[in-house]
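One structure below.
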Amino acid sequence: MQVSLKTILNLKAPLSRFVYRDVQLTGGEDPRIKVQIEPRQGCKGRCSGCDEICPGYDRLPPREFIHVPLWGITVIFLYCMRRLDCPRCGVTVEAVPWSSGKSPLTTSYAWYLSEWAKLLSMQEVARQFKTSWHQVFSAVAMAVAWGRECMDLTGITAIGVDEIHWSKKQGFMTLVYQIDNHCKRLLWCGEKRTEKTITAFFDWFGDQRNANLKFVCSDMWKPYLKLIALRARNALNILDRFHIAKKLGEAIDDVRAAETKELMRKGKQVVLKHSRWCLLKNPKNLTDNQKVKLKDLLQCNLKTIRAYLLKEDFQNFWDYASPAWAGKFLDQWCTQVMRSRLKPMKKVAKTIRAHRQLILNWFEAKNVISLGAVEGQNNKAKVVIRKSYGFKTADMLKISLYHKLGKLPVPKLAHEYF
(Lines of atoms letter the chains of each structure in order from A and count residues from 1; the text may use other names and numbers.)
(Lines give C-alpha, C1' and ligand atoms only; values in the text may rest on other atoms or scores of the structure.)
Protein backbone atom coordinates (compact mmCIF):
# COMPACT_ATOMS: atom_id res chain seq x y z
CA MET A 1 0.00 0.00 0.00
CA GLN A 2 1.48 3.30 -1.09
CA VAL A 3 1.20 6.17 1.37
CA SER A 4 1.61 9.83 0.44
CA LEU A 5 2.72 12.64 2.71
CA LYS A 6 -0.76 14.15 2.47
CA THR A 7 -2.17 10.92 3.88
CA ILE A 8 0.22 11.14 6.84
CA LEU A 9 -0.68 14.79 7.41
CA ASN A 10 -4.39 14.01 7.34
CA LEU A 11 -3.75 11.25 9.88
CA LYS A 12 -1.54 13.23 12.31
CA ALA A 13 -2.77 16.80 11.71
CA PRO A 14 -6.30 16.70 10.26
CA LEU A 15 -7.79 20.08 9.35
CA SER A 16 -11.49 20.85 9.44
CA ARG A 17 -12.70 23.25 6.73
CA PHE A 18 -9.28 23.10 5.02
CA VAL A 19 -7.46 20.65 2.75
CA TYR A 20 -3.81 19.86 1.94
CA ARG A 21 -3.10 20.51 -1.75
CA ASP A 22 0.39 20.43 -3.21
CA VAL A 23 3.43 19.00 -1.38
CA GLN A 24 6.88 19.94 -2.70
CA LEU A 25 10.44 19.15 -1.63
CA THR A 26 12.63 22.21 -2.20
CA GLY A 27 16.23 23.22 -1.50
CA GLY A 28 19.47 21.32 -1.91
CA GLU A 29 21.73 21.03 1.14
CA ASP A 30 18.96 22.47 3.33
CA PRO A 31 15.84 20.61 2.11
CA ARG A 32 12.35 21.77 3.03
CA ILE A 33 8.93 20.23 2.58
CA LYS A 34 6.39 22.88 1.61
CA VAL A 35 2.72 22.02 1.96
CA GLN A 36 0.09 24.20 0.29
CA ILE A 37 -3.15 24.56 2.25
CA GLU A 38 -6.45 25.75 0.75
CA PRO A 39 -9.93 26.32 2.20
CA ARG A 40 -12.35 23.49 1.59
CA GLN A 41 -14.75 24.35 -1.20
CA GLY A 42 -17.84 26.13 0.05
CA CYS A 43 -16.45 26.77 3.59
CA LYS A 44 -16.34 30.34 4.79
CA GLY A 45 -13.73 31.67 7.20
CA ARG A 46 -14.07 32.02 10.97
CA CYS A 47 -13.50 35.46 12.53
CA SER A 48 -10.44 35.57 14.81
CA GLY A 49 -12.18 38.09 17.04
CA CYS A 50 -15.64 36.64 17.76
CA ASP A 51 -15.24 33.15 16.25
CA GLU A 52 -18.28 33.66 13.99
CA ILE A 53 -18.37 32.39 10.39
CA CYS A 54 -18.21 35.38 8.03
CA PRO A 55 -18.05 36.05 4.28
CA GLY A 56 -14.67 36.75 2.69
CA TYR A 57 -13.29 40.20 1.94
CA ASP A 58 -9.99 39.45 0.16
CA ARG A 59 -6.83 37.34 0.58
CA LEU A 60 -3.37 38.24 1.86
CA PRO A 61 0.00 37.14 0.42
CA PRO A 62 1.17 33.59 1.29
CA ARG A 63 2.21 33.12 4.91
CA GLU A 64 4.55 30.40 6.22
CA PHE A 65 3.91 28.28 9.32
CA ILE A 66 6.67 25.96 10.59
CA HIS A 67 5.38 22.48 11.42
CA VAL A 68 6.94 19.47 13.18
CA PRO A 69 10.01 18.34 11.16
CA LEU A 70 9.91 15.07 9.27
CA TRP A 71 13.16 12.99 9.34
CA GLY A 72 15.02 16.17 10.23
CA ILE A 73 13.53 18.03 7.25
CA THR A 74 11.72 21.29 8.00
CA VAL A 75 8.02 21.16 7.16
CA ILE A 76 6.35 24.44 6.19
CA PHE A 77 2.65 25.10 5.71
CA LEU A 78 1.85 27.76 3.10
CA TYR A 79 -1.49 29.52 3.23
CA CYS A 80 -2.94 32.79 1.93
CA MET A 81 -4.91 34.10 4.89
CA ARG A 82 -8.41 35.38 4.14
CA ARG A 83 -9.65 38.69 5.40
CA LEU A 84 -13.28 38.53 6.47
CA ASP A 85 -16.07 41.09 6.58
CA CYS A 86 -17.37 40.46 10.09
CA PRO A 87 -20.55 42.40 10.99
CA ARG A 88 -19.43 42.56 14.61
CA CYS A 89 -15.63 43.07 14.36
CA GLY A 90 -15.30 44.70 10.94
CA VAL A 91 -12.63 43.54 8.50
CA THR A 92 -10.46 40.98 10.29
CA VAL A 93 -8.07 38.16 9.44
CA GLU A 94 -9.54 34.66 9.75
CA ALA A 95 -8.62 32.17 12.48
CA VAL A 96 -6.93 28.97 11.33
CA PRO A 97 -6.96 25.65 13.26
CA TRP A 98 -3.24 24.90 12.93
CA SER A 99 -1.93 28.14 14.50
CA SER A 100 -2.99 30.98 16.78
CA GLY A 101 -2.41 34.71 16.59
CA LYS A 102 0.64 35.82 14.66
CA SER A 103 2.82 32.90 15.68
CA PRO A 104 5.01 31.52 12.87
CA LEU A 105 4.79 28.06 14.48
CA THR A 106 1.93 25.63 14.18
CA THR A 107 0.28 24.74 17.47
CA SER A 108 1.53 21.15 17.14
CA TYR A 109 5.12 22.31 16.69
CA ALA A 110 4.87 24.71 19.63
CA TRP A 111 3.75 21.88 21.92
CA TYR A 112 6.45 19.65 20.45
CA LEU A 113 9.18 22.19 21.31
CA SER A 114 7.75 22.86 24.75
CA GLU A 115 7.83 19.16 25.66
CA TRP A 116 11.47 18.89 24.58
CA ALA A 117 12.26 22.02 26.62
CA LYS A 118 11.30 20.06 29.77
CA LEU A 119 14.25 17.75 29.10
CA LEU A 120 16.83 20.13 27.62
CA SER A 121 17.71 23.80 27.95
CA MET A 122 15.93 26.10 25.51
CA GLN A 123 19.19 26.88 23.74
CA GLU A 124 19.89 23.19 23.21
CA VAL A 125 16.35 22.60 21.89
CA ALA A 126 16.81 25.47 19.44
CA ARG A 127 20.13 24.01 18.29
CA GLN A 128 18.77 20.49 17.85
CA PHE A 129 15.72 21.56 15.84
CA LYS A 130 17.42 24.36 13.87
CA THR A 131 15.22 27.11 15.18
CA SER A 132 15.76 30.19 17.35
CA TRP A 133 15.80 30.49 21.13
CA HIS A 134 12.96 33.04 20.91
CA GLN A 135 10.71 30.59 19.08
CA VAL A 136 11.39 27.89 21.68
CA PHE A 137 10.69 30.37 24.48
CA SER A 138 7.44 31.49 22.84
CA ALA A 139 6.38 27.83 22.64
CA VAL A 140 7.17 27.33 26.33
CA ALA A 141 5.30 30.54 27.24
CA MET A 142 2.28 29.28 25.30
CA ALA A 143 2.39 25.93 27.12
CA VAL A 144 2.72 27.62 30.52
CA ALA A 145 -0.17 30.03 29.84
CA TRP A 146 -2.42 27.13 28.79
CA GLY A 147 -1.32 24.93 31.70
CA ARG A 148 -1.70 27.63 34.35
CA GLU A 149 -5.23 28.33 33.13
CA CYS A 150 -6.20 24.64 33.26
CA MET A 151 -4.31 23.54 36.39
CA ASP A 152 -6.25 21.80 39.16
CA LEU A 153 -5.99 23.46 42.58
CA THR A 154 -8.36 21.16 44.46
CA GLY A 155 -7.24 18.99 47.36
CA ILE A 156 -4.17 21.06 48.32
CA THR A 157 -3.58 20.75 52.08
CA ALA A 158 0.17 21.38 52.47
CA ILE A 159 2.39 24.09 51.00
CA GLY A 160 5.99 25.20 51.46
CA VAL A 161 7.18 28.79 51.17
CA ASP A 162 10.78 29.68 50.42
CA GLU A 163 12.94 31.93 48.25
CA ILE A 164 15.92 31.65 45.94
CA HIS A 165 18.48 34.28 45.02
CA TRP A 166 18.62 34.45 41.23
CA SER A 167 20.09 37.85 40.30
CA LYS A 168 22.52 40.32 41.84
CA LYS A 169 20.44 43.23 40.58
CA GLN A 170 16.92 41.85 41.05
CA GLY A 171 17.55 39.76 44.16
CA PHE A 172 15.13 37.10 45.36
CA MET A 173 12.22 35.15 43.93
CA THR A 174 9.58 33.84 46.36
CA LEU A 175 8.43 30.30 45.55
CA VAL A 176 5.40 28.45 46.90
CA TYR A 177 5.25 24.67 46.46
CA GLN A 178 2.58 22.07 47.01
CA ILE A 179 4.16 19.42 49.27
CA ASP A 180 1.34 16.92 49.74
CA ASN A 181 2.58 13.34 49.60
CA HIS A 182 0.56 12.64 46.45
CA CYS A 183 1.79 15.72 44.58
CA LYS A 184 4.86 17.93 44.83
CA ARG A 185 4.99 20.87 42.42
CA LEU A 186 5.54 24.60 42.06
CA LEU A 187 2.28 26.44 42.65
CA TRP A 188 3.26 30.09 42.42
CA CYS A 189 6.27 32.38 42.24
CA GLY A 190 6.57 36.13 42.77
CA GLU A 191 9.28 38.73 42.52
CA LYS A 192 11.30 39.74 45.58
CA ARG A 193 10.82 38.59 49.16
CA THR A 194 8.45 41.04 50.80
CA GLU A 195 5.19 41.03 52.70
CA LYS A 196 3.49 42.29 49.53
CA THR A 197 4.81 39.27 47.61
CA ILE A 198 3.44 36.63 49.96
CA THR A 199 0.17 38.56 50.22
CA ALA A 200 -0.14 38.32 46.43
CA PHE A 201 0.11 34.52 46.68
CA PHE A 202 -2.67 34.21 49.26
CA ASP A 203 -4.86 36.57 47.16
CA TRP A 204 -4.25 34.39 44.09
CA PHE A 205 -4.86 31.16 45.99
CA GLY A 206 -8.22 32.33 47.33
CA ASP A 207 -9.79 32.46 50.79
CA GLN A 208 -11.51 29.07 50.48
CA ARG A 209 -8.32 27.21 49.56
CA ASN A 210 -6.37 29.16 52.22
CA ALA A 211 -8.86 27.90 54.81
CA ASN A 212 -8.39 24.29 53.62
CA LEU A 213 -4.62 24.35 54.24
CA LYS A 214 -3.48 22.06 57.07
CA PHE A 215 0.29 22.53 56.94
CA VAL A 216 2.55 25.39 55.86
CA CYS A 217 6.32 24.87 55.89
CA SER A 218 8.49 28.02 55.96
CA ASP A 219 11.63 29.58 57.36
CA MET A 220 11.82 32.09 60.23
CA TRP A 221 11.42 35.23 58.16
CA LYS A 222 8.92 37.48 59.95
CA PRO A 223 6.73 38.51 56.96
CA TYR A 224 6.21 34.82 56.15
CA LEU A 225 5.23 33.95 59.72
CA LYS A 226 2.96 36.98 60.02
CA LEU A 227 1.03 36.38 56.78
CA ILE A 228 0.76 32.62 57.32
CA ALA A 229 -0.79 33.18 60.75
CA LEU A 230 -3.16 35.79 59.29
CA ARG A 231 -4.23 34.18 56.00
CA ALA A 232 -3.91 30.42 56.74
CA ARG A 233 -5.36 30.31 60.22
CA ASN A 234 -6.31 26.64 60.13
CA ALA A 235 -2.83 25.52 59.07
CA LEU A 236 -0.02 24.31 61.29
CA ASN A 237 3.08 26.41 60.57
CA ILE A 238 6.25 24.28 60.55
CA LEU A 239 9.76 25.68 60.45
CA ASP A 240 11.93 24.06 57.82
CA ARG A 241 14.59 21.81 59.38
CA PHE A 242 17.09 22.85 56.70
CA HIS A 243 17.00 26.51 57.77
CA ILE A 244 17.68 25.63 61.39
CA ALA A 245 20.68 23.54 60.33
CA LYS A 246 21.79 26.42 58.12
CA LYS A 247 21.76 28.85 61.05
CA LEU A 248 23.83 26.44 63.13
CA GLY A 249 26.32 26.07 60.28
CA GLU A 250 26.60 29.86 59.90
CA ALA A 251 27.23 30.19 63.64
CA ILE A 252 30.08 27.64 63.48
CA ASP A 253 31.54 29.51 60.51
CA ASP A 254 31.50 32.76 62.49
CA VAL A 255 33.17 31.14 65.51
CA ARG A 256 35.81 29.49 63.30
CA ALA A 257 36.61 32.73 61.42
CA ALA A 258 36.92 34.75 64.64
CA GLU A 259 39.11 32.12 66.31
CA THR A 260 41.36 31.85 63.25
CA LYS A 261 41.99 35.60 63.32
CA GLU A 262 42.70 35.45 67.04
CA LEU A 263 45.25 32.64 66.62
CA MET A 264 46.96 34.50 63.78
CA ARG A 265 47.13 37.69 65.87
CA LYS A 266 48.75 35.79 68.73
CA GLY A 267 51.22 34.12 66.38
CA LYS A 268 50.05 30.62 67.19
CA GLN A 269 49.66 27.72 64.78
CA VAL A 270 46.38 27.98 62.84
CA VAL A 271 45.05 24.42 62.92
CA LEU A 272 41.64 25.48 61.60
CA LYS A 273 42.81 26.02 58.02
CA HIS A 274 40.89 23.93 55.46
CA SER A 275 38.52 22.71 58.15
CA ARG A 276 35.27 24.37 57.13
CA TRP A 277 33.59 21.39 55.47
CA CYS A 278 34.88 19.01 58.13
CA LEU A 279 32.76 20.94 60.61
CA LEU A 280 29.69 21.60 58.45
CA LYS A 281 29.15 18.28 56.68
CA ASN A 282 27.27 15.34 58.12
CA PRO A 283 29.90 13.00 59.66
CA LYS A 284 28.56 10.18 57.47
CA ASN A 285 29.41 12.17 54.33
CA LEU A 286 33.00 13.08 55.20
CA THR A 287 35.82 11.96 52.94
CA ASP A 288 38.72 9.97 54.38
CA ASN A 289 40.95 13.06 54.54
CA GLN A 290 38.18 15.07 56.21
CA LYS A 291 37.67 12.34 58.81
CA VAL A 292 41.40 12.47 59.70
CA LYS A 293 41.30 16.26 59.89
CA LEU A 294 38.23 16.24 62.11
CA LYS A 295 39.78 13.62 64.40
CA ASP A 296 42.84 15.83 64.89
CA LEU A 297 40.67 18.91 65.58
CA LEU A 298 38.59 17.10 68.19
CA GLN A 299 41.73 16.66 70.28
CA CYS A 300 42.23 20.44 70.47
CA ASN A 301 40.68 22.72 73.04
CA LEU A 302 39.14 25.24 70.64
CA LYS A 303 36.02 27.37 70.70
CA THR A 304 35.18 26.10 67.24
CA ILE A 305 35.19 22.51 68.45
CA ARG A 306 32.88 23.42 71.33
CA ALA A 307 30.50 25.00 68.81
CA TYR A 308 30.76 21.91 66.59
CA LEU A 309 29.91 19.57 69.48
CA LEU A 310 26.89 21.70 70.37
CA LYS A 311 25.74 21.54 66.75
CA GLU A 312 26.12 17.77 66.63
CA ASP A 313 24.32 17.42 69.97
CA PHE A 314 21.35 19.33 68.52
CA GLN A 315 20.89 16.62 65.84
CA ASN A 316 19.51 14.35 68.59
CA PHE A 317 16.50 16.69 68.73
CA TRP A 318 15.13 15.31 65.45
CA ASP A 319 15.20 11.71 66.72
CA TYR A 320 12.56 12.26 69.40
CA ALA A 321 9.11 10.78 68.88
CA SER A 322 7.34 12.83 71.55
CA PRO A 323 7.04 16.64 71.16
CA ALA A 324 7.01 16.94 74.98
CA TRP A 325 10.37 15.22 75.42
CA ALA A 326 11.75 17.04 72.38
CA GLY A 327 10.72 20.33 74.03
CA LYS A 328 12.59 19.40 77.23
CA PHE A 329 15.70 18.56 75.22
CA LEU A 330 15.40 21.86 73.34
CA ASP A 331 15.19 23.84 76.59
CA GLN A 332 18.21 22.05 78.07
CA TRP A 333 20.22 22.52 74.86
CA CYS A 334 19.45 26.26 74.73
CA THR A 335 20.44 26.65 78.39
CA GLN A 336 23.75 24.86 77.71
CA VAL A 337 24.44 27.09 74.70
CA MET A 338 23.67 30.29 76.64
CA ARG A 339 26.35 29.28 79.14
CA SER A 340 28.93 28.53 76.43
CA ARG A 341 30.06 32.17 75.95
CA LEU A 342 30.01 31.63 72.17
CA LYS A 343 28.14 34.67 70.86
CA PRO A 344 27.16 33.27 67.42
CA MET A 345 25.81 30.09 69.03
CA LYS A 346 23.98 32.09 71.71
CA LYS A 347 22.32 34.09 68.92
CA VAL A 348 21.02 30.86 67.40
CA ALA A 349 19.75 29.67 70.80
CA LYS A 350 17.81 32.93 71.24
CA THR A 351 16.26 32.48 67.78
CA ILE A 352 15.27 28.90 68.59
CA ARG A 353 13.71 29.95 71.89
CA ALA A 354 11.72 32.66 70.11
CA HIS A 355 10.33 30.10 67.66
CA ARG A 356 10.09 27.16 70.04
CA GLN A 357 6.49 26.15 69.30
CA LEU A 358 6.90 26.46 65.54
CA ILE A 359 9.95 24.17 65.69
CA LEU A 360 8.06 21.61 67.80
CA ASN A 361 5.28 21.61 65.17
CA TRP A 362 7.73 19.59 63.05
CA PHE A 363 6.84 16.49 65.10
CA GLU A 364 3.14 16.92 64.34
CA ALA A 365 3.77 16.76 60.60
CA LYS A 366 6.88 14.61 60.08
CA ASN A 367 4.94 11.42 59.26
CA VAL A 368 2.12 13.20 57.42
CA ILE A 369 3.84 15.33 54.74
CA SER A 370 7.24 15.42 53.07
CA LEU A 371 9.11 18.10 54.99
CA GLY A 372 12.24 17.84 52.83
CA ALA A 373 10.30 18.56 49.64
CA VAL A 374 10.77 22.34 49.83
CA GLU A 375 14.55 22.16 49.79
CA GLY A 376 14.46 19.47 47.13
CA GLN A 377 12.29 21.65 44.87
CA ASN A 378 14.55 24.64 45.57
CA ASN A 379 17.55 22.65 44.36
CA LYS A 380 15.69 21.83 41.14
CA ALA A 381 14.88 25.53 40.67
CA LYS A 382 18.57 26.39 41.03
CA VAL A 383 19.43 23.75 38.44
CA VAL A 384 17.00 25.42 35.99
CA ILE A 385 18.84 28.72 36.50
CA ARG A 386 22.30 27.17 36.13
CA LYS A 387 21.42 25.20 33.00
CA SER A 388 20.13 28.36 31.35
CA TYR A 389 23.08 30.50 32.59
CA GLY A 390 20.63 32.91 34.19
CA PHE A 391 17.66 34.89 32.91
CA LYS A 392 17.37 38.50 31.81
CA THR A 393 13.97 39.17 33.37
CA ALA A 394 11.90 37.82 36.24
CA ASP A 395 9.07 36.92 33.84
CA MET A 396 11.39 34.65 31.83
CA LEU A 397 12.46 32.92 35.04
CA LYS A 398 8.86 32.45 36.16
CA ILE A 399 7.87 30.86 32.85
CA SER A 400 10.84 28.47 32.97
CA LEU A 401 10.18 27.48 36.59
CA TYR A 402 6.49 26.86 35.98
CA HIS A 403 7.37 24.80 32.91
CA LYS A 404 9.96 22.61 34.63
CA LEU A 405 8.52 22.34 38.17
CA GLY A 406 4.80 23.11 37.85
CA LYS A 407 3.63 19.70 36.54
CA LEU A 408 1.23 21.64 34.35
CA PRO A 409 -1.45 19.80 32.37
CA VAL A 410 -1.01 19.49 28.61
CA PRO A 411 -3.55 18.70 25.89
CA LYS A 412 -3.62 15.40 24.02
CA LEU A 413 -2.05 17.25 21.08
CA ALA A 414 1.22 17.60 23.01
CA HIS A 415 1.78 13.82 22.84
CA GLU A 416 0.93 13.34 19.17
CA TYR A 417 4.55 13.79 18.04
CA PHE A 418 6.47 13.25 21.29
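The numbering used here puts the first residue of the sequence shown at -19, with every later residue one more than the last. Glycine included, C-beta positions come from ideal geometry on N, C-alpha and C. Because the structure is a prediction, the values reported are computed rather than measured.
Reference residue i; option with closest CA among the options
i, options, result
"Gly352", "Arg(-3), Ile218 and Arg107", "Ile218"
"Gly22", "Pro11, Gln270, Gly7 and Arg(-3)", "Arg(-3)"
"Gly81", "Phe182, Asp31 and Lys98", "Asp31"
"Val71", "Ala90, Ala238 and Asp38", "Asp38"
"Ala90", "Asp187, Trp113 and Cys69", "Trp113"
"Leu165", "Pro391, Gly386 and Leu282", "According to the sequence shown, residue 165 is Arg rather than Leu. When only C-alpha atoms are compared, the closest one is Gly386."
"His223", "Thr331, Asp375 and Ala(-7)", "Thr331"
"Trp305", "Ser79, Phe343 and Asp276", "Phe343"
"Gln337", "Pro303, Pro84 and Glu95", "Pro303"
"Ala16", "Ala361, Val48 and Phe57", "First, the residue type needs correcting, since residue 16 is Gln and not Ala in the sequence shown. Measuring from the Cα of Gln16, the nearest candidate turns out to be Phe57."
"Ser79", "Phe109, Leu99 and Val48", "Val48"
"Val317", "Ser118, Phe294, Ala301 and Gly25", "Phe294"
"Leu5", "Pro(-6), Lys(-14), Leu133 and Val(-1)", "Lys(-14)"
"Asp148", "His383, Thr373 and Pro391", "Checking the sequence shown, residue 148 turns out to be Lys, not Asp. Minimum Cα distance to Lys148 is reached at Thr373."
"Met325", "Asn190, Asp187, Cys34 and Gly229", "Gly229"
"Glu74", "Glu95, Lys24 and Ala121", "Lys24"
"Cys27", "Pro19, Cys69 and Gly7", "Cys69"
"Asp199", "Asp234, Asp233, Val141 and Glu171", "Val141"
Collapsed DSSP secondary structure at residue i in the structure displayed
i, result
"Asp234", "helix"
"Ser380", "helix"
"Cys197", "strand"
"Glu458", "There is no way to answer for residue 458, as the model of the chain reaches only from -19 to 398."
"Tyr0", "strand"
"Arg189", "helix"
"Gln108", "helix"
"Ala212", "coil"
"Leu(-9)", "helix"
"Asn217", "strand"
"Thr134", "coil"
"Thr179", "helix"
"Leu93", "helix"
"Thr373", "coil"
"Leu322", "coil"
"Leu85", "strand"
"Lys360", "helix"
Those residues which DSSP pairs with residue i across a bridge
i, result
"Met153", "Ile144 and Lys172"
"Gly39", "Residue 39 is actually Arg in this sequence, not Gly. For Arg39, which the question treats as bridged, DSSP gives the partners Arg62."
"Ile56", "Lys14 and Ile46"
"Ile33", "Arg26"
"Lys164", "Ile159"
"Ile139", "Gln158 and Val196"
"Leu5", "Ile13"
Cβ-Cβ separation, residue j to residue i (assumed contact under 8 Å), whole Å
i, j, result
"Cys66", "Pro41", "Their Cβ separation, rounded to whole angstroms, is 21 Å, which puts Cys66 and Pro41 out of contact at 8 Å."
"Val55", "Ile13", "5 Å"
"Leu207", "Thr174", "That pair is no contact at about 10 Å."
"Ile139", "Gln158", "6 Å"
"Arg286", "Ser255", "So it is not a contact: roughly 14 Å between Cβ atoms."
"Leu377", "Trp146", "6 Å"
"Thr86", "Ile46", "7 Å"
"Cys163", "Val354", "Going by Cβ atoms, the distance from Cys163 to Val354 rounds to 14 Å, so no, they are not a contact pair."
"Thr240", "Leu252", "5 Å"
"Ser350", "Asn161", "6 Å"
"Glu95", "Ala394", "6 Å"
Boundaries of the beta strand (DSSP E) in which residue i is found, first to last residue
i, result
"Leu99", "No beta strand (DSSP E) holds Leu99; DSSP gives it neither H nor E."
Element boundaries [alpha helix (DSSP H), containing residue i]
i, result
"Gln16", "Per DSSP, Gln16 belongs to no alpha helix (DSSP H); it is in the beta strand (DSSP E), Arg12 to Pro19."
"Glu129", "Trp113 to Cys130"
"Asn296", "Where Asn296 is concerned, there is no enclosing alpha helix (DSSP H), given that its DSSP letter is neither H nor E."
"Pro67", "No alpha helix (DSSP H) contains Pro67, which DSSP labels as neither H nor E."
"Ala270", "One point to set straight first is that residue 270 is Gln, not Ala, in the sequence displayed. Counting along the chain, the alpha helix (DSSP H) containing Gln270 begins and ends at Asp268 to Leu277."
Proximity test, Cβ basis, 9 Å: residue i and chain C
i, result
"Gln158", "Among the chains of the structure shown, chain C does not appear; only one protein chain is present."
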